[in-house]
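Undergrad:
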Amino acid sequence: MATAPHLCALILAAGESSRMGADKALLPWPPQETGPTAARQTLLSAGILALQPLTRAVIVVAGRNAESLTPIVEVNGATLVRNPNPERGQFSSLQTGLRELLSRGFNAAMITPVDCPPLSAGSLDLLRTSFARALTRGLWAVAPENSGKHGHPLLVNRNLIEAFLAAPVTSNAREVLHANSPRIDYIPVLDTLAKAGLNTPADYATYTGKRPRSTP
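Basically this note's numbering = 1-based index in the sequence shown + 49.
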């Protein structure tokens, strides 16, 4: 059976969340009722907990919101890295995180933006298994797919990590992925990827039936 290299999860959470009006990392997830017995799970903590069983470490890239994210990162056993220039965009956060994981000795990553709700445990395990098999065929990455929609997490090996790092900071992940599309395998999953990426209050309300409200 093919064995994947040790994975490091990378959660990109340095965005300003200007369109949402609240830090997306702190939005309740899964959506829950309010009250004293309500769980205090957030998109960030849910993402960490979903990826931990599949990886050796979880790195969260923060920006100016580092102080507010630190307690969640620490209590859930992850590591926070700060992007010193988050205004350069998400690709700069990706490069910051990839440099950090390489410095820690990892050669493969499971990458997701914080505003993409975590997939089911079954889908995540399928992606990890598929990644190991893809590497034996000379491929560099796998990503989930449903009804023609691609989503996250993206699992990448050292070759694609180097391609991301070699690109100018003004580039973006989509351009790098497009340039290397023959080396990427898309894995069908049952999760509704069309709704992944919650950017506005309307997105959150459509997905959850609730208005966004950061957890205290």
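C-beta atoms are modelled at their ideal positions from N, C-alpha and C, and glycine is treated no differently.
Are the beta-carbon atoms belonging to G112 and I60 less than 8 Å from one another?
TA: No, Cβ-Cβ distance for G112 and I60 is not below 8 Å.
Undergrad: Which ranges does the alpha helix (DSSP H) cover as unbroken runs of at least 4 residues, wholly within the stretch 214-240, from first to last along the chain?
TA: With a minimum length of 4 residues, the continuous alpha helix (DSSP H) runs that stay inside the stretch 214-240 are 222-228.
Undergrad: If you follow the beta strand (DSSP E) that A63 is part of, which residue opens it and which one closes it?
TA: Careful: A63 lies outside any beta strand (DSSP E) and carries neither H nor E.
Undergrad: Could you check what DSSP says for R131 in three-state terms: helix, strand or coil?
TA: R131: strand per DSSP, three-state reduction.
Undergrad: Between which residues of its own chain and A251 is the CB-CB distance below 6 Å, once the five residues before and five after are set aside?
TA: Excluding sequence neighbours, A251 sits near nothing in its chain.
Undergrad: Under a Cβ-count criterion, where at least 16 other Cβ atoms within 10 Å of its own Cβ denotes burial, should L150 be classed as buried or exposed?
TA: Label assigned to L150: buried.
Undergrad: Please determine, among G200, I121 and T104, the residue with the shortest C-alpha to C-alpha distance to A62.
TA: Of the listed residues, the one whose Cα sits closest to A62 is I121.
Undergrad: Is L6 helix, strand or coil when you go by DSSP?
TA: Beyond the ends of the chain as shown, which are 50 and 265, falls residue 6; an answer cannot be given.
Undergrad: Considering only their Cβ atoms, is the gap separating I160 from V205 smaller than 8 Å?
TA: Closer than 8 Å, so yes.
Undergrad: Can you check which of these residues, P162, F213, D240 and L226, is closest to D37 by C-alpha distance?
TA: With the chain covering only 50 through 265, there is no way to say anything about residue 37.
Undergrad: Kindly indicate which residue of L239, I236, T145 and L203 has the alpha-carbon position closest to the one of L226.
TA: Out of L239, I236, T145 and L203, L203 has the C-alpha closest to the C-alpha of L226.
Undergrad: Tell me which residue opens and which closes the alpha helix (DSSP H) that T145 is part of.
TA: First-last of the alpha helix (DSSP H) with T145: Q139 to S152.
Undergrad: Threshold first: 3 residues or longer. Then list the beta strand (DSSP E) segments lying entirely within the stretch 161-210, N to C.
TA: The qualifying runs are 190-195 and 203-205.
Undergrad: Relative to the alpha-carbon of D240, which residue among I210, P217, E224 and C165 has its alpha-carbon at the smallest distance?
TA: Checking every option, the nearest Cα to that of D240 belongs to C165.
Undergrad: Hey, could you find the ends of the beta strand (DSSP E) A111 is sitting in?
TA: Element bounds for A111: A106 to A111.
Undergrad: Quick check on this structure: which residue in R177, P77, V218 and G187 has the alpha carbon closest to the alpha carbon of N229?
TA: Per the Cα distances, G187.
Undergrad: Taking the alpha-carbon positions, what's the A36 to L168 distance?
TA: The structure shown does not extend to residue 36, since the chain is modelled only from 50 through 265, so no value can be given for it.
Undergrad: Taking the straight line between their C-alpha atoms, what separation do you get for W78 and S142?
TA: Between W78 and S142, the C-alpha separation is close to 23 Å.
Undergrad: Identify the continuous alpha helix (DSSP H) that holds A95 and give its terminal residues.
TA: First-last of the alpha helix (DSSP H) with A95: L92 to L100.
Undergrad: By alpha-carbon positions, which one of L147, K198, V238 and E224 ends up nearest to E211?
TA: Considering only alpha carbons, the answer is L147.
Undergrad: Using alpha carbons as the reference points, say which of A74, N156 and Y235 lies closest to L175.
TA: It is Y235.
Undergrad: What residue from S196, E194 and R232 has the CA that sits closest to L209's CA?
TA: Of the listed residues, the one whose Cα sits closest to L209 is R232.
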